[in-house]
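Asks: Below are the structure tokens for one structure; questions will follow.
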Amino acid sequence: MDDSVVRESGEMLRRSRGYVPDALALPPGFKNVPPVLCLGADLKNTFCLVRGEQAVLSQHLGDLSDDGIQMQWREALRLMQNIYDFTPQYVVHDAHPGYVSSQWAREMNLPTQTVLHHHAHAAACLAEHQWPLDGGDVIALTLDGIGMGENGALWGGECLRVNYRECEHLGGLPAVALPGGDLAAKQPWRNLLAQCLRFVPEWQNYSETASVQQQNWSVLVRAIERGINAPLASSCGRFFDAVAAALGCAPATLSYEGEAACALEALAASCHGVTHPVTMPRVDNQLDLATFWQQWLNWQAPVNQRAWAFHDALAQGFAALMREQATMRGITTLVFSGGVIHNQFTGG
Numbered sequence: 001m002d003d004s005v006v007r008e009s010g011e012m013l014r015r016s017r018g019y020v021p022d023a024l025a026l027p028p029g030f031k032n033v034p035p036v037l038c039l040g041a042d043l044k045n046t047f048c049l050v051r052g053e054q055a056v057l058s059q060h061l062g063d064l065s066d067d068g069i070q071m072q073w074r075e076a077l078r079l080m081q082n083i084y085d086f087t088p089q090y091v092v093h094d095a096h097p098g099y100v101s102s103q104w105a106r107e108m109n110l111p112t113q114t115v116l117h118h119h120a121h122a123a124a125c126l127a128e129h130q131w132p133l134d135g136g137d138v139i140a141l142t143l144d145g146i147g148m149g150e151n152g153a154l155w156g157g158e159c160l161r162v163n164y165r166e167c168e169h170l171g172g173l174p175a176v177a178l179p180g181g182d183l184a185a186k187q188p189w190r191n192l193l194a195q196c197l198r199f200v201p202e203w204q205n206y207s208e209t210a211s212v213q214q215q216n217w218s219v220l221v222r223a224i225e226r227g228i229n230a231p232l233a234s235s236c237g238r239f240f241d242a243v244a245a246a247l248g249c250a251p252a253t254l255s256y257e258g259e260a261a262c263a264l265e266a267l268a269a270s271c272h273g274v275t276h277p278v279t280m281p282r283v284d285n286q287l288d289l290a291t292f293w294q295q296w297l298n299w300q301a302p303v304n305q306r307a308w309a310f311h312d313a314l315a316q317g318f319a320a321l322m323r324e325q326a327t328m329r330g331i332t333t334l335v336f337s338g339g340v341i342h343n344q345f346t347g348g
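The sequence shown begins at 1 in the UniProt record's numbering and counts up by one.
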């Protein structure tokens with residue numbers, strides 16, 4: 001079992017050894033829930049057994065594309081079911097049909113229910129804070145690498161109206177190509193190229209694009225133009241990768257997930273704030289990244305200040321979007337969830 005990971009402040013980042021398999025109380029209003037097995041997503045997977053007024057989360061298991069992790073997952077599920085004498089009547093799984101966990105759900109011969117990835121992010125935060133079942137709507141900001149959204153769209157930087165039963169998309173980041181598909185999550189320069197092609201017409205004139213110009217980028221341009229292995233996604237994680245590549249703090253190929261974003265956060269943390277001209281205004285409920293890139297690329301400052309300005313502009317842009325949507329609907333509660341929220345500047 002993996003060790004748990006907790007910030008010095010007490011914030012739980014990974015709930016595992018020492019906390020599993022304790023049961024958690026469901027929020028007020030959840031009563032006599034029939035046995036439900038919730039399978040989770042394929043990355044950073046955990047599963048959950050829900051019954052009555054309690055939920056039992058597994059330890060962090062990892063990436064289900066790995067055969068060894070799949071074996072650990074099955075053994076952990078068998079053990080948890082034995083400990084709690086648990087036989088599911090229903091199965092809940094991520095809306096992504098290609099996930100291993102979704103495939104397993106279909107093989108269980110039980111009634112299934114799909115959940116949008118980012119609805120699950122927001123609902124998990126609500127449950128953690130004991131938001132009642134009938135507590136009403138909240139405005140949720142869900143930021144991560146990627147997840148299945150409505151109508152097959154790939155999300156990752158979304159502002160949502162959410163309750164436990166419903167999820168309405170309100171705005172967020174614009175969708176940008178992922179050149180090479182899954183490779184975009186491993187090679188940050190690909191995301192910088194995609195951002196430049198969408199928002200920076202004269203991108204080759206900027207020294208910040210050196211990491212792209214060192215690659216065989218023209219092949220990817222043609223692939224993006226033809227829609228070949230370049231799906232559109234409103235991914236906040238890939239936006240971080242693009243900025244990290246522009247600042248030169250990300251390698252051409254990452255050694256581990258989140259490496260570029262961690263390096264970018266560390267740079268910003270060394271700055272302690274600075275006055276800057278960089279903004280991300282809202283246009284049709286989306287953050288205007290064309291304005292961001294124009295201002296940011298033309299502002300000459302030390303790299304740590306530019307890293308801080310990116311974080312600050314992103315946080316200010318999302319804060320303004322959430323405030324507008326909440327005021328418009330008379331909602332007073334905000335929710336923040338997703339892997340990017342672990343960043344001290346977006347979630348702090």
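For glycine and all other residues, C-beta sits at the position ideal for the given N, C-alpha and C. Computed from a predicted structure; not experimentally measured.
1) Can you look up L64 in the DSSP assignment and give me helix, strand or coil?
2) Quick test of your reading: Q59 and V20, contact by CB under 8 angstroms. State the CB separation rounded to the nearest angstrom.
3) Please work out which residues of its chain come closer than 8 angstroms, Cβ to Cβ, to T112, disregarding the five sequence neighbours upstream and downstream, and give them in chain order.
4) What do you reckon, are the CB atoms on P28 and A127 nearer than 7 angstroms?
5) Jot down the residue ranges of each uninterrupted alpha helix (DSSP H) in the UniProt domain "HypF Kae1-like" (32 to 128), minimum 4 residues, whole runs only, in chain order.
6) Would you report the Cα separation of V138 and S234, rounded to the nearest angstrom?
7) Would you verify that the beta carbon of S234 is, or is not, closer than 7 angstroms to some beta carbon of chain C?
8) Can you grab the Cα-Cα spacing for the pair S65 / Q204, in whole Å?
9) Counting C-beta neighbours from all protein chains within 10 Å, is the total for A76 16 or more, i.e. buried, or is it exposed?
10) Can you name, in chain order, every residue of its own chain whose Cβ lies under 8 angstroms from the Cβ of Q325, other than the five neighbours on each side?
11) Can you pull the DSSP bridge partners for T142?
12) Could you compute how far the alpha carbon of Q81 sits from the alpha carbon of Y256?
13) So what's residue 363 in DSSP terms, helix, strand or just coil?
14) Can you give, in chain order, each stretch of the alpha helix (DSSP H) that sits fully within the region 164 to 228 and has at least 4 residues?
15) Return yes when the Cβ of A242 is within less than 7 angstroms of the Cβ of A250, no when it is not.
16) Would you list the residues sitting across from residue 385 in a DSSP beta bridge?
17) Taking only the alpha-carbon atoms, compute the straight-line gap between H342 and D144 and give it to the nearest angstrom.
18) Assuming A194 and I224 make a contact with CB atoms under 8 angstroms, what is their CB distance in whole Å?
19) Determine the closest residue to S16 out of V50, V56, D42, with distance taken between C-alpha atoms.
20) Would you please state the rounded distance, in angstroms, between the beta carbons of C125 and V303? I believe it to be under 8 angstroms.
21) In angstroms, rounded to a whole number, what distance separates the CA positions of G339 and L43?
22) What residue from R238, Y164, L247, F310 has the CA that sits closest to G258's CA?
23) Assess, as a yes-or-no matter, whether the region 181 to 198 is touched by the region 304 to 318 under the definition of 3 or more beta carbon pairs within less than 8 angstroms.
24) CB A313 to CB V278, shorter than 7 angstroms?
25) Would you identify the three-state DSSP class for G147, choosing helix, strand or coil?
26) Looking only at its chain, what residues have a beta carbon closer than 6 angstroms to the beta carbon of V200, apart from the 5 residues adjacent to it on each side?
27) For the alpha helix (DSSP H) holding A301, just list the boundary residues, first then last.
28) Which of the three DSSP states, helix, strand or coil, is assigned to V283?
29) In angstroms, rounded to a whole number, what distance separates the CA positions of F86 and D22?
30) Under a Cβ-count criterion, where at least 16 other Cβ atoms within 10 Å of its own Cβ denotes burial, should P179 be classed as buried or exposed?
31) Can you find the residues in the same chain that come closer than 6 angstroms, C-beta to C-beta, to T333, ignoring five residues on each side of it along the sequence?
32) Return the Cβ separation of A175 and L232 in integer angstroms, given the expectation that the two are a contact with Cβ distance under 8 angstroms.
Replies: Taking the coordinates as given:
1) Within the sequence shown, numbered from 1, the residue matching residue 64 stands at position 64. Coil at L64, not helix or strand.
2) Numbered from its first residue, the sequence shown carries residue 59 at position 59. Numbered from its first residue, the sequence shown carries residue 20 at position 20. Rounded, the Cβ-Cβ distance is 4 angstroms, consistent with contact.
3) As a position in the sequence shown, residue 112 is number 112, starting the count at 1. So the qualifying residues of the chain are Y90, V91, V92, H93, A105, R106.
4) Looking up residue 28 in the sequence shown gives position 28. Looking up residue 127 in the sequence shown gives position 127. Contact flag unset, no.
5) 67 to 84, 100 to 107, 117 to 128
6) For the purposes of this step, residue 138 is taken as the residue at position 138 of the sequence shown. For the purposes of this step, residue 234 is taken as the residue at position 234 of the sequence shown. For V138 and S234, the distance between alpha carbons rounds to 21 angstroms.
7) The displayed structure is made up of one protein chain only, and chain C is not part of it.
8) In the sequence shown, counting from the first residue as 1, residue 65 sits at position 65. In the sequence shown, counting from the first residue as 1, residue 204 sits at position 204. C-alpha separation (whole angstroms): 37 angstroms.
9) Here residue 76 corresponds to residue number 76 of the sequence shown, with the count starting at 1. It counts as buried.
10) The residue labelled residue 325 in the question sits at position 325 within the sequence shown. I139, C159, R161, L170, G171, N285, I331, listed in sequence order.
11) As a working note, residue 142 is residue 142 in the sequence shown. DSSP lists E158, S337 as partners of T142.
12) By 1-based counting over the sequence shown, the position of residue 81 is 81. By 1-based counting over the sequence shown, the position of residue 256 is 256. Roughly 32 angstroms between the two C-alpha positions.
13) This structure gives no information on residue 363, because the portion of the chain shown stretches from 1 to 348.
14) 188 to 199, 210 to 213, 217 to 226
15) Position 250 of the sequence shown, counted from the start, is the residue given in the question as residue 250. Position 242 of the sequence shown, counted from the start, is the residue given in the question as residue 242. In this structure, A242 does not lie closer than 7 angstroms to A250 by Cβ.
16) Beyond the ends of the chain as shown, which are 1 and 348, falls residue 385; an answer cannot be given.
17) For this step, residue 342 is matched to residue 342 along the sequence shown. For this step, residue 144 is matched to residue 144 along the sequence shown. Those two C-alpha atoms are separated by around 10 angstroms.
18) One-based indexing of the sequence shown puts residue 194 at position 194. One-based indexing of the sequence shown puts residue 224 at position 224. Confirmed, about 7 angstroms.
19) Within the sequence shown, numbered from 1, the residue matching residue 16 stands at position 16. Comparing Cα-Cα distances from S16 to each of V50, V56, D42, the minimum goes to V56.
20) Reading the sequence shown from its first residue, position 125 is the one you call residue 125. Reading the sequence shown from its first residue, position 303 is the one you call residue 303. About 33 angstroms; that fails the 8 angstroms criterion.
21) Within the sequence shown, numbered from 1, the residue matching residue 339 stands at position 339. Within the sequence shown, numbered from 1, the residue matching residue 43 stands at position 43. The alpha-carbon atoms of G339 and L43 are separated by roughly 11 angstroms.
22) As a first step, residue 258 is located in the sequence shown; it is residue number 258 there, counting from the start. Among R238, Y164, L247, F310, the Cα nearest to that of G258 belongs to R238.
23) no
24) Mapped onto the sequence shown, residue 313 falls at position 313. Mapped onto the sequence shown, residue 278 falls at position 278. Yes, these two residues count as a Cβ contact at 7 angstroms.
25) Translated into positions along the sequence shown, residue 147 becomes position 147. Note: G147 maps to strand in three-state DSSP.
26) As a first step, residue 200 must be located in the sequence shown, where it is residue number 200. Once the five neighbours on either side are set aside, the close Cβ partners of V200 are W293.
27) Reading the sequence shown from its first residue, position 301 is the one you call residue 301. Looking at the DSSP string, A301 is not in any alpha helix (DSSP H), and its letter there is neither H nor E.
28) In the sequence shown, the residue the question calls residue 283 occupies position 283. DSSP places V283 in strand when its eight states are reduced to three.
29) Your numbering for residue 86 matches position 86 in the sequence shown. Your numbering for residue 22 matches position 22 in the sequence shown. Taking the straight line joining both Cα atoms gives about 14 angstroms.
30) If you number the sequence shown from 1, residue 179 lands on position 179. Buried, because 16 or more other Cβ atoms sit within 10 Å of the Cβ of P179.
31) On the sequence shown, residue 333 is found 333 positions in, with the first residue counted as 1. Result list for T333: V138, in chain order.
32) In the sequence shown, counting from the first residue as 1, residue 175 sits at position 175. In the sequence shown, counting from the first residue as 1, residue 232 sits at position 232. Indeed, because the Cβ distance is near 4 angstroms, the residues count as touching under 8 angstroms.
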